[in-house]
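Working notes, beginning with the structure itself.
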Amino acid sequence: MELVVLRKIPDLRPKPFPLISQEEWKKPQEVLNRLYTDAEAWAMEVCGWYLDDRVRQRRTSKSLRGLAIVLAAAGALQPLAAAASGAGSLGWGYVLLAGAGVCVAFDHLLGLSSRWMRDMVTAQRIQRRLSDFQLGWAALNAQQMTPPVREYLATLRAFVTDVSTIMSDETSEWVSEFQAGLTQLPSAHQPGER
């Protein structure tokens, strides 16, 4: 029997930026290394969240879509089975087809299919930016043994800003999609419409 270990998935709450004292700035390389490590760990945590969320959304979406296929097939075959046996009601076919439609509607209204795709794209964008950040930092380290602190801080700032922008863009897209789904729901069942 296999033991499944559930781990707590980190959330996307902001983390406090470390305050650096004047005394600590006397050893700039140590401070910069600490800032780099904090920023890198944060980006990896954010990327991990999107990858973990992608798996949850994908599983749920695929389950709903698979169930919809099974119900639609059963609904389509039910009248044939009823005709072949000479007994039974055609009503169950409609019930099964309606169940298939409900599964697809849940997937669409909850945005499960599109969300796991967005999660993957967002994780890939963060990974690409993380690589760029790591390589940029390494290039600065290679330039000279005592590099200018301003260049490191500019690289750090650009990195943290980019990751935050990526997260913000994805969240804005999700909110817009969710709101659009909510506005479509009431209009889909207006009385008197055909």
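Under this note's numbering, read the sequence shown as residues 9 to 202, first letter to last.
From the three backbone atoms N, C-alpha and C, an ideal C-beta is built for every residue, glycine too.
Since the model is a prediction, treat every value here as computed from it, not as a measurement.
Assuming residue 137 contacts residue 171 under a Cβ cut-off of 8 angstroms, what Cβ separation, rounded to an integer in Å, is found between them?
-> 6 angstroms
Considering only residues of the region 63 to 130, which uninterrupted beta strand (DSSP E) runs meet the minimum length of 3 residues and lie entirely inside it, listed in chain order?
-> none
Apart from the five residues on each side of it in sequence, which residues of its chain come closer than 8 angstroms, Cβ to Cβ, to residue 79?
-> 104, 105, 107, 108, 111
From residue 176 to residue 60, what does the alpha carbon distance come to, in whole angstroms?
-> 18 angstroms
Take residue 173 as the anchor and find which of 133, 158, 144, 46 has the nearest alpha-carbon.
-> 133
Which listed residue (54, 64, 161) has its alpha carbon closest to that of residue 19 = 54
Tell me, to the nearest whole angstrom, how far the beta carbon of residue 92 is from that of residue 98; I am working on the premise that it is less than 8 angstroms.
-> Residue 92 to residue 98, Cβ: 13 angstroms. No contact.
Give me the Cα-Cα distance between residue 38 and residue 131, rounded to the nearest whole angstrom.
-> 29 angstroms
8 angstroms contact criterion, which residue 50 and residue 23 should meet: CB distance rounded | Contact flag correct, Cβ pair sits at about 6 angstroms.
So residue 85 and residue 115 are in contact, right, with Cβ under 8 angstroms, and what is the actual spacing, rounded?
-> With 8 angstroms as the limit, residue 85 and residue 115 do not qualify as a contact, their Cβ atoms being about 23 angstroms apart.
Just the Cα atoms here: how many angstroms apart are residue 27 and residue 40?
-> 12 angstroms
Can you have a look at residue 94 and say buried or exposed, based on whether 16 or more other CB atoms are within 10 angstroms of its CB?
-> exposed
Reduced DSSP secondary structure (H/G/I, E/B, other) of residue 46 = helix
Measure the C-alpha to C-alpha separation of residue 120 and residue 66 and round it to an integer number of angstroms.
-> 7 angstroms
Is DSSP giving residue 28 helix, strand or coil here?
-> Assignment of residue 28 by DSSP, reduced to helix, strand and coil, places it in the coil class.
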